[in-house]
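> What follows is a single structure, and I will ask about it in a moment.
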Ligand code: SF4
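In my numbering, the protein residues as written are 175 to 273.
Structure below.
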């Protein structure tokens, strides 16, 4: 056996689908589940979701990503959210820019 043989990776780490559907570079530090969340996001929100999962954005933007994933990217639902027991409810985005 070659000395270059690598040890198997722990489950869920760096196990993407082989092809990342996002236009952004895949990050082996994200789990398969995290990469799926990014791939399922509408293209306009993928960068935001990726940065939130990586801890590479502000808390405000992370809350925005959290609310977007919570509502399956429905801004109107976030604006009208009535889940007062949610710990980020008071900080949810889209409260001022009503259309
Ligand atoms: S505030 Fe509402 S939309 Fe945002 S995470 Fe909480 S329950 Fe979901």
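Just so it is clear, CB atoms sit at the ideal spot from N, CA and C, and this is done for glycine as well.
Starting from the Cα of residue 216, find the closest Cα among 264, 224 and 247 and give me that residue.
247
> Could you tell me the alpha carbon to alpha carbon distance between residue 263 and residue 253, rounded to whole angstroms?
10 Å
> For residue 202 and residue 225, what's the separation of their Cα atoms in angstroms?
Taken atom to atom, the span from the alpha-carbon of residue 202 to that of residue 225 is near 14 Å.
> Should residue 257 be labelled buried (16 or more other beta-carbon atoms within 10 Å of its own) or exposed?
exposed
> Could you tell me if the beta carbon of residue 252 falls within a distance shorter than 7 Å of some heavy atom in the ligand SF4?
yes
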